[in-house]
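Asks: Can you read through this structure? Questions will come right after.
2 protein chains.
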Amino acid sequence: MESRRATIKDVAEAAGVGVATVSRVLSGGSASPRTRERVLAVAAQLDYRPSALGRNLRQRRTGGMGLLVPDLTDTFYGQLAEGVLACARSAGEPVVLGSTGDDPEQEAELIGMLLEQSVDRVIAVPSGGADTWGPALKAGMTIVFADRLPAEPAPDTSPARNDPADDPTGDMPERAAVADLMALDGVPLPEGRTGSGGRTASGGRTASGGAREGAARTRPLDVPAVLADDRTGIRTAVRYLRGLGHRRIAFLGGPGHGRRVAAFREAVGAPVDEELVVFATGSRDSAYAAASGLFQSRPDLTAVVTGGNVLGEAAVLAARELDLRVPRDVSLVMYDDVPWAELCSPPLTVIAQPGRDIGYRAAELVLRAGTRRPRSVVLPTELIVRGSCGPRY
Amino acid sequence: MESRRATIKDVAEAAGVGVATVSRVLSGGSASPRTRERVLAVAAQLDYRPSALGRNLRQRRTGGMGLLVPDLTDTFYGQLAEGVLACARSAGEPVVLGSTGDDPEQEAELIGMLLEQSVDRVIAVPSGGADTWGPALKAGMTIVFADRLPAEPAPDTSPARNDPADDPTGDMPERAAVADLMALDGVPLPEGRTGSGGRTASGGRTASGGAREGAARTRPLDVPAVLADDRTGIRTAVRYLRGLGHRRIAFLGGPGHGRRVAAFREAVGAPVDEELVVFATGSRDSAYAAASGLFQSRPDLTAVVTGGNVLGEAAVLAARELDLRVPRDVSLVMYDDVPWAELCSPPLTVIAQPGRDIGYRAAELVLRAGTRRPRSVVLPTELIVRGSCGPRY
DNA sequence: AACCATGATGGAATCGTTTCCATGGAATCG
DNA sequence: CGATTCCATGGAAACGATTCCATCATGGTT
């Protein structure tokens, strides 16, 4: 009863053929119909399942893919993960999961673990930058980023003031054709203002970069990505708020929202009121603190756009705590459409991005890699107007 | 630059020792301090990382653990997964993830995948019953159930009426001592009323069970589990609602809520109004339909307890759609404390269960297995009173 | 009729690790 | 001082698959 699983050798003996033949039959090689049939029958009868262990060792790679997300408690990443799993399941591939907590160090550790497991395909919502992902790339991993691109380390020149006007990413048609990644990630995240700390290693490591450093900075990683069209989403939201009469619109961002804040800056136009652009770390506490601080320091703001659903949650909570009515006192647009957005009262107006699709497409890309050089994908966002925005009074 | 990873053989040669010695040094065997030091130095210098592939093949088992949950879009399972990942990370073990969609067939498929990968430790929120998990057990897997126990197939006798009175699970002290599992899962899920279908294989397979079938039915699986104290949680909620004057209290359940509905029946007492006990499948649509149907068919009910947060969400939505005010027209208690429970207005009164802890403990159990026969764990629940319950008018 | 091409087949090497076993030297004990 | 023990050590055999390569049979061509 407790017999161990049948091996290919067992099948070969039982079928009276060599192991090579069995292997060929099972993996679609050439074999005479007679033998094929017999082998198949014996294999079925013995309930033989090829061990992934032997195969993986021989081909020096584990099948399947790794999936690295910041936090599964965030509904959006849950959706994304479901998408990845759906694709992986239909391909019959296993998925190794890791949660980084938006911490580059944990992320690096998880990458190390995947390397050890010889998992050479990874889908990641990256937290670290080139420091973290360079080694993975060099180790030959096939990587697809989802939902974000790695934050680029801030240039060493005056990180406090990144004048968005000097970024010529106007309508970026040709740059997109040449280098889709860089065009999409036009403006680096203004590290100076964020509290997203913990990237202690970056300063020290880059010292060894040498002459190529400038170029590496400009285009650190050449990795395909599946992203939502943040720029259009944010722009649509800002225009919508503008149309309602709002002029002092704040942005509440978190780690990984670099492209969104850039889009926000672009959408609101030249003189950006920097006090209205606030960042939190990944935690719910930090999000709440940031939201609360924002409302208190700038009671004159009339609308807020949040870069993710955890921030949106925090904004609702903070507003309630400070007796700000939504949308009467403050209008709110949240990034991410999550089921509970409709439960709030008023229901939250959101910028919906297709989390599940993002995951699915990313998984497709990472599986197809090798067949065809995967190119980045940008999926549309949609402004879903519910009840959390009103005219400015 | 593109050199492949160093193997143990490379280290052995570079250090001038045999591979066996390297292996011993690296896995804590005996070695002279001199050699140990040298090997360690060489290994570090070569950036050697033992390949899990070779090790796994040799020991005929993959490290790490599988994790099977119904749906990562459900915040509670997100919390649970985070707990598992936290424990796995601290043990340096990989986690292979699968999402079952509450479908026994998909679950069985995923188990097959894990078997193929030689992942012999699994944490699961089970959807299928003994049909699904028996094979896994027989294959020698170490299994720990989390959050639920497998549904037992309904006895072949009149599945429509399961008189709860004939279940003697009164206060179950001694039964718990003998068989914690069965005591906890006193009353089978009333399959007749649910729409959780899809267990097509069960009828066919069990035909081969033979004489032992009756016994197998009574105690199908001997697997440790980490559960929340559903019984106390539900009882507390029902008593709380009773104290507010509610008499017609409904229960809205989903797949896997067998123990909760049993506790509900027990808590409301002998003549259970069966129309007030309604089940949905796992999907949000089905949950909404069930909630809406319940409110419409029984407008006289004054309170609802939902067996999970997706059902709670559905109840809020359905109530709003039908112009039922919470808590004025209907009081609501939701199982699961999720961040957005506080966002609703009024904020939802919930039965909190420690999702993260459940996952963490389950992972601990599954890792410790072999050392010590793991026993089941029951974690406390807590009624968190917010604003969704009011006195009956 | 001899020869060559083709296709099916099995033996054996290989992947990177752990672990069994034999060997040799040093140390301890009688 | 001899014998016994003990420990460090390296060679080699697994683990279960894939895949290269040689072999053999067959059928068609010259």
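Protein chains in written order, with my numbering: chain A, 4 to 396; chain B, 4 to 396. Beta carbons: idealized from backbone N, C-alpha and C, even for Gly. Fair warning: this is a prediction, and the values are worked out from it, not measured in the lab.
1) So, does the CB of Tyr-363/A fall closer than 9 angstroms to a CB anywhere in chain B?
2) What does the Cβ neighbour count give for Tyr-396/B, buried or exposed, with the cut at 16 atoms within 10 Å?
3) When the Cα of Gly-315/A is compared with those of Trp-343/A, Asp-303/A and Leu-325/A, which residue comes out closest?
4) How big is the Cα-Cα spacing for Arg-292/B and Ser-130/B?
5) Considering only the alpha carbon of each residue, which of Ala-294/A, Val-336/A and Thr-352/A lies closest to Leu-325/A?
6) Quick one: does Arg-331/A have its CB under 9 angstroms from some CB of chain B?
7) Give the residues of chain B in contact with Arg-328/A, contact being defined as C-beta atoms less than 8 angstroms apart.
8) Once the 5 residues before and after Asp-77/B are set aside, which same chain residues still bring their CB inside 6 angstroms of it?
9) Using 9 angstroms as the limit for Cβ to Cβ distance, is Ala-47/B near chain A?
10) With DSSP as the reference, label Ala-34/A as helix, strand or coil.
11) Could you please give me the residues that DSSP links to Arg-124/A through a beta bridge?
12) Could you name the residues of chain B that Cys-347/A contacts, counting a contact when the two beta carbons are closer than 9 angstroms?
13) For a test of the three-state rule: what should DSSP assign to Val-28/B, helix, strand or coil?
14) Closest by CA to Arg-263/B, which one among Arg-238/B, Glu-277/B and Glu-278/B?
15) Could you please give me the residues that DSSP links to Met-116/B through a beta bridge?
16) Is the beta carbon of Val-369/A closer than 9 angstroms to that of Thr-145/A?
17) Which residue comes first and which comes last in the beta strand (DSSP E) that contains Thr-309/B?
18) Which same chain residues, not among the five before or five after Gly-86/A, have their C-beta less than 8 angstroms away from its C-beta?
19) What does the alpha-carbon distance come out to for the pair Ala-306/B and Val-353/B?
20) By alpha-carbon positions, which one of Val-226/B, Val-271/B, Gly-257/B and Asp-232/B ends up nearest to Arg-398/B?
21) Provide the residue span of the alpha helix (DSSP H) that contains Ala-231/B, from first to last.
22) Any beta carbon from chain A within less than 9 angstroms of Ala-127/B's own beta carbon?
23) Going by the beta-carbon positions, is the gap between Leu-244/A and Cys-347/A smaller than 9 angstroms?
24) Going by DSSP in three states, Thr-135/A sits in which element: helix, strand or coil?
25) Determine, using beta carbons only, whether Asp-233/B comes closer than 9 angstroms to chain A.
26) Using a cut-off of 7 angstroms between C-beta atoms, extract the partners of Ala-55/A located in chain B.
27) For Ala-46/B, which residues in the same chain have their Cβ closer than 6 angstroms to its Cβ, ignoring the five residues on either side in sequence?
28) Measure the alpha-carbon distance for Phe-79/B versus Ala-17/A and round it to whole angstroms.
29) Just by C-beta distance, which residues in the segment 77 to 92 of chain A are closer than 7 angstroms to chain B?
30) Sorted by chain position, which residues of the same chain lie with C-beta nearer than 8 angstroms to Arg-63/B's C-beta, five sequence neighbours on each side aside?
31) I'd like to know if Ser-35/A contacts chain B, where contact means its C-beta is closer than 9 angstroms to some C-beta of that chain.
32) Using C-beta distances below 7 angstroms, list every residue in its chain close to Ser-334/B, excluding the 5 sequence neighbours before and after it, in chain order.
33) In the segment 277 to 292 of chain B, which residues sit with their C-beta less than 7 angstroms from some C-beta in chain A, listed in chain order?
34) Exposed or buried, Glu-278/B, counting other C-beta atoms within 10 Å across all chains shown (16 or more means buried)?
35) Assuming Leu-314/B is part of the alpha helix (DSSP H), what are its boundary residues?
36) Could you give the DSSP three-state label for Ser-102/B: helix, strand or coil?
Replies: According to the data block:
1) no
2) exposed
3) Trp-343/A
4) Residue 292/B is actually Ala in this sequence, not Arg. Between Ala-292/B and Ser-130/B, the C-alpha separation is close to 21 angstroms.
5) Ala-294/A
6) no
7) Within chain B, no residue has its beta carbon less than 8 angstroms from that of Arg-328/A; the closest one is some 11 angstroms off.
8) Val-313
9) no
10) coil
11) DSSP lists Thr-145/A as the beta-bridge partner residues of Arg-124/A.
12) Trp-343, Leu-346, Cys-347 and Ser-348
13) helix
14) Arg-238/B
15) DSSP, once it has assigned bridges, lists no residue as partnering Met-116/B.
16) yes
17) 306 to 309
18) Gly-358, Arg-359, Asp-360, Ile-361, Gly-362, Tyr-363, Arg-364, Ala-365 and Ala-366
19) Here the alpha carbon of Ala-306/B sits roughly 13 angstroms from the alpha carbon of Val-353/B.
20) Residue 398/B lies beyond the residue range present for chain B, which begins at 4 and ends at 396; the question has no answer from this structure.
21) Taken as a continuous stretch (DSSP letters only), Ala-231/B belongs to no alpha helix (DSSP H), being part of the beta strand (DSSP E) at 228 to 231.
22) no
23) no
24) helix
25) no
26) Glu-119, Gln-120 and Ser-121
27) Val-14
28) 49 angstroms
29) Thr-78, Gly-81, Gln-82, Ala-84, Glu-85 and Leu-88
30) The residues are Ser-121.
31) For Ser-35/A, no Cβ of chain B is located within less than 9 angstroms of the residue's own Cβ.
32) Leu-244, Leu-247, His-249, Thr-305, Ala-306, Ser-391, Cys-392 and Gly-393
33) Arg-287
34) exposed
35) The continuous alpha helix (DSSP H) containing Leu-314/B extends over residues 312 to 324.
36) strand
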